[in-house]
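Student: Have a look at the structure that comes next, please.
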Amino acid sequence: MTAIPDTARPARRISLRGLNFALLIFVVLYAGIAILQPNYLDAALFMNFLRRAAPLIILACGQLYVILSGGFDLSMGAVVTLVVLAASMLIGGDPTMTWPVIAGLYAMGLAVGLANGLIVSFLKVPSIIATLGMMLLINGLALAWSGGAPRGDLPDNFRDLGRLVLRDVPLLGVLPIAVIILVVVTALAWWGLHATAYGKRLLAVGDNPRAAELAGVPVKPTRIAAFVISALSAVTAGILIGGFSGVSVNAGRGLELQAIAACVIGGAQLLGGRGSVVGALFGALSLFALFTLLNLLGLPQALRDSLQGVILIAAVGASVLRHRRSS
Amino acid sequence: MQFRSILAATLAVAFSTAAYAQEFNDPVEFKKQRDLLSTKAEGPDGKPWEQHLGGAMIDTAKFKKDGPHTICFSNAGVFNPWRVVGLNNLKGEAALQKDRIKELVILDAEGKDDKQISDIQSLLDGGKCDVLIVSPTTTAALTPAVEAACEKLPVIVFDRGVNTKCPVTYIHPVGGYGFGITSGEFIASKLPKGSNVLALRIVAGVDVLETRYSAAKSIFDEAGINVIGSEFTGSDRAKTKSVVEDYINRGQKIDAVWMDAGDTATAALEAFEDAGLPYPVISGEDQQDFLRKWQKENLVAIAPSYPTYQWRTPVIAALDILDGKSIPGPEWNLPQPAITQETLASYIDERMPALHYSLCGCQDLPGYPEQWGGK
């Protein structure tokens with residue numbers, strides 16, 4: 001009976017520390033950006049920055065659920081690619097098809113998430129393997145379906161979701177639609193994790209599945225739901241990415257790793273049980289600020305990639321060390 | 001683990017670029033390709049895939065054989081839209097000549113050297129093939145496999161080359177320098193000295209892409225145009241748009257965008273649109289979405305090409321070889337035209353998908369346009 005307060009208290013303390021760490025990195029990196037390029041302090045450019053970071057933040061929020069449950073979702077990037085290709089081919093440039101197709105895309109995400117969750121929960125396949133397989137499967141399907149050259153086109157009402165910027169908005173000046181979607185999704189993710197019984201169950205499952213089961217938590221449904229949330233967030237991110245830049249056969253490549261890195265920088269523990277949505281949010285923002293900063297520094301591409309790798313390893317390593325010390 | 005492999009791969013790319021940088025700036029090849037661009041093509045008018053730019057002819061009498069023939073094709077893969085259109089062209093040409101072809105066998109190497117080597121081996125072991133067409137994944141790795149094949153049957157190589165002269169002919173358009181010269185000279189001609197150009201490239205270390213950049217860069221240097229950045233986009237639209245936005249946000253004026261391949265050209269242009277800036281001078285490629293945007297927005301643009309119609313030529317060459325006819329060789333240089341303002345309208349086909357390459361030369365092939373994804 002004492003198990004629940006014991007896991008709940010440190011979880012809150014550490015997620016707060018994780019948040020501080022990610023927030024600190026973000027502030028430092030964004031300050032670096034602003035020093036190099038003072039116009040990034042304009043509301044308009046900050047909004048643009050948020051618009052571009054939105055897909056990664058949304059992916060990080062979804063990934064966080066799976067990480068908290070003690071797993072990984074490596075199929076996110078592939079879902080993003082499939083969403084972009086499928087949207088283009090199913091909509092075929094016809095604006096009246098946009099909303100029905102978006103509904104279809106969410107149904108597809110639901111199916112992918114359910115499949116991931118069922119495989120992990122009932123077949124006992126480790127999530128890293130199950131979702132890796134799913135990633136290959138989806139990438140293969142996307143390629144086979146599109147034949148490597150996506151047909152169709154994305155009409156403006158679809159593109160607007162990731163691209164349109166509302167002008168003359170009071171206080172902010174400009175407001176991209178993607179940022180509105182971002183706020184709604186992060187609020188939902190926060191509510192789901194920190195304000196519902198489901199969120200507490202998820203933390204319990206990730207912290208100690210056996211104890212959670214004995215305490216009466218439905219472990220399998222909780223895990224499955226986490227994979228579903230992750231896949232649905234990937235669909236949302238895919239819609240924003242397709243909207244931002246149009247059809248691309250490699251729209252989602254590598255995004256799953258960035259999402260995992262964002263969660264870890266944001267203080268989530270890789271084996272589950274600890275982490276917060278606000279931490280993941282700032283983790284993703286830090287990561288995106290890092291990309292932007294390296295870009296603004298104008299380093300040669302190869303050097304920039306190497307530096308990015310080093311910083312990622314360092315950030316994740318540091319966060320793992322902090323957890324080890326604190327536990 | 002993943003991060004370590006990312007880092008290792010990045011370093012590998014970094015070092016390989018440094019090691020090969022010299023090879024991609026060959027003044028002799030630059031001059032040769034510049035001359036080829038203005039060489040008058042020989043061969044039937046309006047069928048550039050049957051034409052050739054000068055060069056010698058090869059006697060193939062010793063390969064003469066009664067038909068119908070089995071043509072075997074070892075393809076590097078269909079990992080991008082360019083190769084998808086190309087493969088459709090190759091199949092279309094075979095369908096056009098179906099009376100003379102018993103069977104067209106295609107093995108897809110999925111972009112892997114080892115798979116392509118075993119593909120070629122199994123085609124040879126099968127004993128069905130009368131002629132072998134190879135589009136190699138990489139040059140050095142495939143050379144021994146092609147040499148082994150040459151001992152058994154006539155071989156045609158196209159698209160990318162191999163380090164052996166044993167194939168009957170090597171079919172390719174003018175080349176990377178030619179692509180870079182066409183686009184570089186156009187941009188230089190439209191801008192005053194001291195203007196800024198942003199170069200967007202796909203990946204490092206691929207010869208046909210590196211030579212495109214080296215040719216354009218030397219033209220910009222000569223014309224006094226500043227290359228303010230050279231960025232790799234990995235052919236990803238979102239990354240392209242973000243990179244261009246970052247450059248715009250730096251506050252530096254971008255007068256032109258040069259690209260080593262135009263598949264992300266529309267994404268680059270959207271970055272200017274979203275920032276409320278006028279469009280830059282731009283070089284793209286013969287993809288439909290770029291051509292449509294060019295026409296709609298009245299851009300100052302050019303579309304050099306690496307024409308996909310070159311995929312028709314190997315089938316024609318294969319049948320000619322088995323007929324014992326002379327063909328252009330050991331290199332068969334195809335024309336490599338560019339789409340300009342004057343010819344733009346004739347290359348736009350609203351029935352075709354956004355990523356279709358207009359210089360497919362496929363309009364007269366059976367199954368057009370449905371087979372190419374058109375309506």
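First to last, the protein sequences are chains Y and E. Residue numbers for the first sequence follow full-length UniProt numbering, beginning at 1 and rising by one. Residue numbers for the second sequence follow full-length UniProt numbering, beginning at 1 and rising by one. The beta-carbon is built from N, C-alpha and C at its ideal position, and this holds for glycine as well.
Distance check for Gly71 (chain Y) and Ile181 (chain Y), CA to CA, integer angstroms please.
Tutor: Within the first sequence, the letter at position 181 stands for residue 181 (chain Y). Within the first sequence, the letter at position 71 stands for residue 71 (chain Y). If I take the Cα positions, the gap works out to 26 Å.
Student: I need the straight-line Cα distance from Ala94 (chain E) to Ile101 (chain E), nearest angstrom please.
Tutor: Translated into the one-based positions of the second sequence, residue 94 (chain E) becomes position 94. Translated into the one-based positions of the second sequence, residue 101 (chain E) becomes position 101. Roughly 7 Å separates the two Cα atoms.
Student: From the DSSP output, in three-state form, read off Val315 (chain E) for me.
Tutor: Here residue 315 (chain E) refers to the residue found at position 315 of the second sequence. Correct three-state label for Val315 (chain E): helix.
Student: Hey, how far is the Cα of Met134 (chain Y) from the Cα of Ala189 (chain Y)?
Tutor: Here residue 134 (chain Y) refers to the residue found at position 134 of the first sequence. Here residue 189 (chain Y) refers to the residue found at position 189 of the first sequence. So the alpha carbons of these two residues sit roughly 24 Å apart.
Student: Under a CB-based cut-off of 8 Å, is Ser235 (chain E) close to chain Y?
Tutor: As a position in the second sequence, residue 235 (chain E) is number 235, starting the count at 1. Interface residue, yes.
Student: Looking at Ala231 (chain Y) and Val79 (chain Y), is the spacing between their C-beta atoms short of 8 Å?
Tutor: Along the first sequence, one-based indexing puts residue 79 (chain Y) at 79. Along the first sequence, one-based indexing puts residue 231 (chain Y) at 231. Their beta carbons are under 8 Å apart, which means Val79 (chain Y) touches Ala231 (chain Y) by this criterion.
Student: Comparing C-alpha positions only, which one of Y:Gly273, Y:Val249, Y:Leu299 and Y:Ala289 sits nearest to Val83 (chain Y)?
Tutor: For this step, residue 83 (chain Y) is matched to residue 83 along the first sequence. It is Y:Val249 whose Cα lies nearest to the Cα of Val83 (chain Y).
Student: Ends of the beta strand (DSSP E) at Arg201 (chain E)?
Tutor: Counting from 1 along the second sequence, the entry for residue 201 (chain E) is found at position 201. Arg201 (chain E) -> beta strand (DSSP E) spans Asn196 to Arg201.
Student: If you draw a straight line from the C-alpha of Asn177 (chain E) to the C-alpha of Ile202 (chain E), how long is it?
Tutor: Taking the first residue of the second sequence as 1, we reach residue 177 (chain E) at position 177. Taking the first residue of the second sequence as 1, we reach residue 202 (chain E) at position 202. It is Tyr, not Asn, that sits at residue 177 (chain E) in the sequence shown. Answer to the nearest angstrom: the Cα atoms are 16 Å apart.
Student: Just confirm the distance between the C-beta atoms of Ala289 (chain Y) and Gly266 (chain Y), as a whole number of angstroms; I'd bet it's less than 8 Å.
Tutor: The count along the first sequence starts at 1 and reaches residue 289 (chain Y) at position 289. The count along the first sequence starts at 1 and reaches residue 266 (chain Y) at position 266. Their Cβ separation, rounded to whole angstroms, is 13 Å, which puts Ala289 (chain Y) and Gly266 (chain Y) out of contact at 8 Å.
Student: What does the Cβ neighbour count give for Ser121 (chain Y), buried or exposed, with the cut at 16 atoms within 10 Å?
Tutor: Looking up residue 121 (chain Y) in the first sequence gives position 121. Per the 10 Å Cβ criterion, buried.
Student: Return the CA-CA distance between Glu29 (chain E) and Ala215 (chain E), expressed in angstroms with no decimal places.
Tutor: The residue labelled residue 29 (chain E) in the question sits at position 29 within the second sequence. The residue labelled residue 215 (chain E) in the question sits at position 215 within the second sequence. When rounded, the distance between both Cα atoms is 10 Å.
Student: Using CA coordinates, which residue listed in Y:Tyr106, Y:Ile35 and Y:Thr96 is at the minimum distance from Gly238 (chain Y)?
Tutor: By 1-based counting over the first sequence, the position of residue 238 (chain Y) is 238. Measuring from the Cα of Gly238 (chain Y), the nearest candidate turns out to be Y:Tyr106.
Student: Within the same chain, show all residues whose beta-carbon is closer than 6 Å to that of Ala275 (chain E), passing over the 5 residues directly before and after it, in chain order.
Tutor: Locating residue 275 (chain E) in the second sequence gives position 275, counting from the first residue. Once the five neighbours on either side are set aside, the close Cβ partners of Ala275 (chain E) are Ile248.
Student: Which two residues bound the contiguous beta strand (DSSP E) that contains His172 (chain E)?
Tutor: Within the second sequence, the letter at position 172 stands for residue 172 (chain E). Its beta strand (DSSP E) spans residues Thr169 to Pro173.
Student: DSSP three-state call for Gly317 (chain Y): helix, strand or coil?
Tutor: Residue mapping note: residue 317 (chain Y) aligns to position 317 of the first sequence, counting from 1. DSSP places Gly317 (chain Y) in helix when its eight states are reduced to three.
Student: Give me the DSSP bridge partner(s) of Gly173 (chain Y).
Tutor: Here residue 173 (chain Y) corresponds to residue number 173 of the first sequence, with the count starting at 1. According to DSSP, Gly173 (chain Y) bridges with Y:Val169.
Student: On the criterion of 16 or more Cβ atoms from any shown chain inside 10 Å, does Asp156 (chain Y) qualify as buried, or is it exposed?
Tutor: By one-based count along the first sequence, residue 156 (chain Y) stands at place 156. Its Cβ having fewer than 16 others within 10 Å, Asp156 (chain Y) is exposed.
Student: Does the CB of Val247 (chain Y) have a neighbour CB from chain E at under 8 Å?
Tutor: Taking the first sequence and counting its residues from 1, the one referred to as residue 247 (chain Y) is at position 247. At least one chain E Cβ lies under 8 Å of Val247 (chain Y).
Student: Check whether the Cβ of Thr137 (chain E) sits closer than 7 Å to any heavy atom of the ligand MN, and report yes or no.
Tutor: In terms of ligand content, the structure shown is empty, and the ligand MN therefore cannot be addressed.
Student: Of all the residues that make up the stretch 331-365 of chain E, which are near chain Y by a beta-carbon distance shorter than 7 Å?
Tutor: So the list reads Pro353, Ala354 and Leu355, given in the order they occur along the chain.
Student: What three-state label does DSSP hand Thr137 (chain E) in the structure shown?
Tutor: What you label residue 137 (chain E) is simply residue 137 of the second sequence in a count that begins at 1. The answer is coil: DSSP assigns Thr137 (chain E) none of H, G, I, E or B.
Student: What are the boundary residues of the alpha helix (DSSP H) that Cys263 (chain Y) is part of?
Tutor: Here residue 263 (chain Y) refers to the residue found at position 263 of the first sequence. Run containing Cys263 (chain Y): Leu255 to Ile265, per the alpha helix (DSSP H) assignment.
Student: If we define contact as Cβ-Cβ less than 8 Å, is Gly373 (chain E) a contact residue for chain Y?
Tutor: Counting from one through the second sequence, the residue named residue 373 (chain E) turns up at place 373. Yes, its Cβ sits closer than 8 Å to a Cβ of chain Y.
Student: Relative to chain Y, which residues along the stretch 266-287 of chain E have a C-beta separation below 8 Å, given in chain order?
Tutor: Listed in sequence order: Thr266, Ala267, Glu270 and Asp274.
Student: Could you check which residue in E:Leu209, E:Leu365 and E:Trp311 has the C-alpha nearest to that of Glu23 (chain E)?
Tutor: Counting from one through the second sequence, the residue named residue 23 (chain E) turns up at place 23. Among E:Leu209, E:Leu365 and E:Trp311, the Cα nearest to that of Glu23 (chain E) belongs to E:Leu209.
Student: Compare the Cα-Cα distances from Ser88 (chain Y) to each of E:Cys362, E:Leu355 and E:Gly367 and report the closest residue.
Tutor: If you number the first sequence from 1, residue 88 (chain Y) lands on position 88. If we check each option's Cα against that of Ser88 (chain Y), E:Leu355 comes out closest.
Student: Let me check one thing: in DSSP terms, what residues is Phe232 (chain E) bridge-paired to?
Tutor: On the second sequence, residue 232 (chain E) is found 232 positions in, with the first residue counted as 1. Phe232 (chain E) pairs with E:Arg201.
Student: Counting only C-beta atoms, is Arg322 (chain Y) closer than 8 Å to chain E at any point?
Tutor: As a position in the first sequence, residue 322 (chain Y) is number 322, starting the count at 1. For Arg322 (chain Y), the answer is no, since every Cβ of chain E falls outside 8 Å of its Cβ.
Student: Given this structure, state the Cα-to-Cα distance separating Ala14 (chain E) from Phe232 (chain E), to the nearest angstrom.
Tutor: Within the second sequence, residue 14 (chain E) is the residue found at index 14, counting from 1. Within the second sequence, residue 232 (chain E) is the residue found at index 232, counting from 1. Caution is warranted here: a pLDDT of 47 is assigned to Ala14 (chain E), below 50, making its placement in the model unreliable, and the coordinate value is therefore given only provisionally. Each residue's alpha carbon lies about 12 Å from the other.
Student: Going by the beta-carbon positions, is the gap between Cys72 (chain E) and Ile133 (chain E) smaller than 8 Å?
Tutor: Along the second sequence, one-based indexing puts residue 72 (chain E) at 72. Along the second sequence, one-based indexing puts residue 133 (chain E) at 133. A contact, by the Cβ cut-off of 8 Å.
Student: From Asp289 (chain E) to Gln341 (chain E), what distance separates their C-alpha atoms?
Tutor: Walking along the second sequence from the start, residue 289 (chain E) turns up at place 289. Walking along the second sequence from the start, residue 341 (chain E) turns up at place 341. One C-alpha to the other measures close to 15 Å.
Student: Keeping to the same chain, check which residues put their C-beta closer than 8 Å to that of His69 (chain E); ignore five residues upstream and five downstream.
Tutor: Your numbering for residue 69 (chain E) matches position 69 in the second sequence. Arg100, Ile101, Lys102, Asp130, Val131, Ala318, Leu319 and Leu322, listed in sequence order.
Student: Within 10 Å of its beta-carbon, does Gly109 (chain Y) have 16 or more other beta-carbons around it, so buried, or fewer, so exposed?
Tutor: Reading the first sequence from its first residue, position 109 is the one you call residue 109 (chain Y). Gly109 (chain Y) is buried by the Cβ-count criterion.
Student: Restricting to runs no shorter than 3 residues, where is the beta strand (DSSP E) found entirely within the stretch 86-134 of chain Y?
Tutor: None, since the stretch 86-134 of chain Y contains no complete beta strand (DSSP E) of that length.
Student: To the nearest angstrom, how far is the alpha carbon of Ala21 (chain E) from that of Ile106 (chain E)?
Tutor: For the purposes of this step, residue 21 (chain E) is taken as residue 21 along the second sequence, with counting starting at 1. For the purposes of this step, residue 106 (chain E) is taken as residue 106 along the second sequence, with counting starting at 1. Because Ala21 (chain E) sits at a pLDDT of 44, beneath the cut-off of 50, its placement in the model cannot be relied upon, and the following sentence gives the value as read from the coordinates. Their backbone Cα atoms lie some 35 Å apart in a straight line.
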